[in-house]
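Below is one structure, written out as structure tokens; the observations come after it.
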Amino acid sequence: MTVDRPWRIGLRTLALGYLALLLLVPVGMIFYRTFEHGVAAVWESVTTPAAISSFWLTIEVMAIAVPLNTVFGIVMAMALARGRFPGKGILNALIDLPFAVSPVVIGLSLILVYGINGWLGGALADAGIQVIFSVPGIVLATIFVSLPFVVREVTPVLKEIGDEQEQAAATLGAGGWTTFRRITLPAIRWGVAYGVVLSVARAIGEFGAVSVVSGKISGETETLTLLVEKRFTNFDVAGAYAASALLALIALAVLLAMTTIKPRREEGDA
Amino acid sequence: MISVTGVTKRFGDYTALDDVSIEVPDGSLTALLGPSGSGKSTLLRIIGGLEAPDSGRVVIGDEDATGVPPQRRGIGFVFQHYAAFKHMTVRDNVAFGLTVRKRPKSEIRERVDELLEIVGLAGYQTRYPSQLSGGQRQRMALARALAVQPKVLLLDEPFGALDAKVRADLREWLRKLHDEVHVTTLLVTHDQEEAMSIADQIAVMDHSRIEQIGTPRELYDHPTTPFVMRFLGPVTRLGEALVRPHDIALSVDARPGSHEAQVARVVHLGFEVRAELVLGDGEEIAVQLTRAEADELELAAGDIVHVRSTALLPQTEPDPLSA
């Protein structure tokens, strides 16, 4: 499409203005407010025992939920893109359930199943496993809400590349695992990377579902997002900003890590 | 040798192959020729193990390959859209089969370089498929398939995605390559000219069945069905018979078995002259003549001539395609 010069400049200004207003200004404000009273105050605020504990809890939950969802997501995407089986349509719709249902409802449903009076909770409690108001519950809630990302990113990529390369690999003698590792995975790695980034963002940022199942025990089951909220409601605004900045740093680190898998050169539509 | 016996394949209600049998002799280049939807690709994929037949047997070499996965059939397969491994260099693409077989690195390198030399891609080792033209990609795919020294080479419309000029060049090149490498080759195509120009043997397919198998010459001169006759070259209808336009003789006077016709148009195509005639019953026919023949008759639009077939063809059965 060709657009006249004034139009082009106008459109760019509009797009950048939109981005600035909704994204750059608020995020910039957080960092500005965080460091308003100097680095020392921030450092103090993010090194309290509660803050350190929630930082590591957030990392721990992410480190369990994201790899599990990635493996599950790739397997599921393969089944949806390549498989032919009854109930595929229903399965496809079910994957989106975590997107459709409110996180709070997800949290409550987990309590119904795993709570002390829940369907499985009693038996688990007898075995000495506490899910709700404990780390396993937070992990479950996080897995649940970030489940669809990898599947939804990878399935269209798999459909797009088709299965000819995989068939070619088979005729050249490669078994299923070799074909997956050497042909399929490199072809979908961008989709997987985006899925992982989105999953991480959701995992570290999840509030609703985690808030319901965590019990918010300071130093034990309080994730960074819960800490932000607690500090904010306790009028510790500077502390809330500092914790938010920490969250933003985790997200940035993940984004940077993901760009390292960027291909050395752009490949055409060979 | 490839031997297929009584293979049937259905996709839901659709029968893609109906009791098909064919033999591909050792070292030959056989073409599976047919219109799209005739089942030729499905047959090739069944031989390659990419589809499983509902019934029937596939023998490759002297081994029953029915039910053997593609990995262990000893085949090389070339796809219409190249199926190049996009994230690998040309070298890694060609080396893939040998790498999977865990051959020593030095041997792989040597073999890959040798193959790239054969297919005319020497010096392209470090390129990516996206940096190659369509013809080059397909030659890379051929080298990749040949690298594992397959017992048979299966080509699924290998030149179908290329433009006419490249297609003609590659066709020539493939025939020469086959004469050097001598690997038993089965090629799927819908292009009769392609099949005629490179194959030793052609199997014409239509409606999920093999219509006729023979050398290009046999099929052209002695087609057993109207479909084969039509598919292998231009035909024109003369009375009850189908005739090739160059198998029609024109004369000024009536001869035994001749039909009266009026010349509608004379087209001079250099050496060849094409005359379009209208028969007494209104049927239009095309006749191919040499320039000398046309000059001798002093052929011009509006003339009344007599036409007769000079070919002796068993074309008395009704033609289902014109119905």
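Chains H and R, in that order, are what the protein sequence lines are.
Here the first sequence is numbered in this note's numbering, starting from 11 and rising by one per residue.
Here the second sequence is numbered in this note's numbering, starting from 809 and rising by one per residue.
All C-beta atoms, glycine included, are put in the ideal place defined by N, C-alpha and C.
Everything numeric in this text was worked out from a predicted model, so none of it was measured.
Beta-carbon spacing of isoleucine 116 (chain H), threonine 233 (chain H) below 8 Å: No, the pair does not count as a contact, with Cβ atoms beyond the cut-off.
Using a C-beta cutoff of 8 Å, does alanine 203 (chain H) count as contacting chain R? Answer no: the Cβ-Cβ gap between alanine 203 (chain H) and chain R never drops below 8 Å.
For a contact defined as C-beta to C-beta under 9 Å, what are the partners of glutamine 957 (chain R) on chain H? Simply none; closest approach about 11 Å.
According to DSSP, residues forming a beta bridge with methionine 1013 (chain R): For methionine 1013 (chain R), which the question treats as bridged, DSSP gives the partners R:Ile1018.
Note down, in chain order, all residues in the stretch 168-180 of chain H with a beta-carbon under 8 Å from any beta-carbon belonging to chain R. Residues Glu174, Gln175, Gln177, Ala178, Ala179, Ala180.
First and last residue of the beta strand (DSSP E) that includes glycine 814 (chain R)? Per DSSP, glycine 814 (chain R) belongs to the beta strand (DSSP E) from 810-819.
Smallest Cα separation from threonine 993 (chain R): which of R:Ile1006, R:Glu871, R:Val1115? Selected option, being the one with the closest Cα: R:Ile1006.
Establish whether the CB of proline 196 (chain H) and some CB of chain R are separated by less than 8 Å. True, the Cβ-Cβ gap to chain R drops below 8 Å.
Given a threshold of 16 other Cβ atoms within 10 Å of its Cβ, counted over all protein chains shown, does glutamine 1009 (chain R) qualify as buried or as exposed? Per the 10 Å Cβ criterion, buried.
Distance between glycine 928 (chain R) and valine 920 (chain R) (C-alpha atoms, nearest Å): Per the coordinates, the alpha-carbon of valine 920 (chain R) lies some 12 Å from the alpha-carbon of glycine 928 (chain R).
Could you give the C-beta distance for threonine 194 (chain H) and alanine 91 (chain H), rounded to a whole number, given that I count them as a contact under 8 Å? Not quite, the Cβ-Cβ distance comes to about 10 Å (not below 8 Å), so this is no contact.
Determine, using beta-carbon pairs with one atom in the stretch 962-973 of chain R and one in the stretch 822-835 of chain R, whether at least three such pairs fall under 8 Å. Fewer than three pairs of CB atoms, one per stretch, sit closer than 8 Å, so the stretch 962-973 of chain R makes no contact with the stretch 822-835 of chain R.
Output, in chain order, the set of chain R residues within a Cβ distance shorter than 7 Å of isoleucine 84 (chain H). Within chain R, no residue comes near isoleucine 84 (chain H); the closest Cβ sits about 17 Å away, beyond 7 Å.
What residue from R:Gly884, R:Glu831, R:Ser829 has the CA that sits closest to glycine 856 (chain R)'s CA? Distances from the CA of glycine 856 (chain R) to each of R:Gly884, R:Glu831, R:Ser829 were compared; the closest alpha carbon is that of R:Gly884.
Please report the straight-line C-alpha distance between arginine 1038 (chain R) and glutamate 831 (chain R), rounded to a whole angstrom. When rounded, the distance between both Cα atoms is 24 Å.
If you check the beta carbons only, do alanine 178 (chain H) and alanine 211 (chain H) fall under 8 Å apart? Not closer than 8 Å, so no.
In the stretch 890-907 of chain R, which residues sit with their C-beta less than 7 Å from some C-beta in chain H, listed in chain order? For the stretch 890-907 of chain R, the set of residues with a beta-carbon nearer than 7 Å to any beta-carbon of chain H comprises Ala891, Ala892, Phe893, Lys894, His895, Phe904, Gly905, in chain order.
Three Cβ pairs or more, each shorter than 8 Å: is that satisfied between the stretch 75-95 of chain H and the stretch 152-172 of chain H? Yes, since at least three Cβ pairs between the stretch 75-95 of chain H and the stretch 152-172 of chain H fall closer than 8 Å, the two stretches touch.
Contact check, valine 141 (chain H) vs glycine 131 (chain H), beta carbons under 8 Å: Against a cut-off of 8 Å, the Cβ pair of glycine 131 (chain H) and valine 141 (chain H) comes out as a contact.
Any beta carbon of chain R sitting closer than 8 Å to that of threonine 188 (chain H)? It does: the Cβ of threonine 188 (chain H) has a partner Cβ on chain R nearer than 8 Å.
Under 7 Å by beta carbon: chain H residues contacting phenylalanine 885 (chain R): For a Cβ distance threshold of 7 Å, residue set Ala178, Thr181 of chain H lies close to phenylalanine 885 (chain R), ordered along the chain.
Mind checking whether the beta-carbon of serine 938 (chain R) lies closer than 7 Å to any heavy atom of the ligand GDP? Judged by which ligands are present, the structure shown has none, so any question about the ligand GDP falls away.
For lysine 984 (chain R) and leucine 26 (chain H), I'd like the C-alpha separation in whole angstroms. Near 60 Å, if we compare the C-alpha coordinates of leucine 26 (chain H) and lysine 984 (chain R).
Between the Cα of threonine 1023 (chain R) and those of R:Leu837, R:Val828, R:Thr813, R:Thr816, spot the shortest distance and give me the residue it belongs to. Nearest option by C-alpha distance: R:Leu837.
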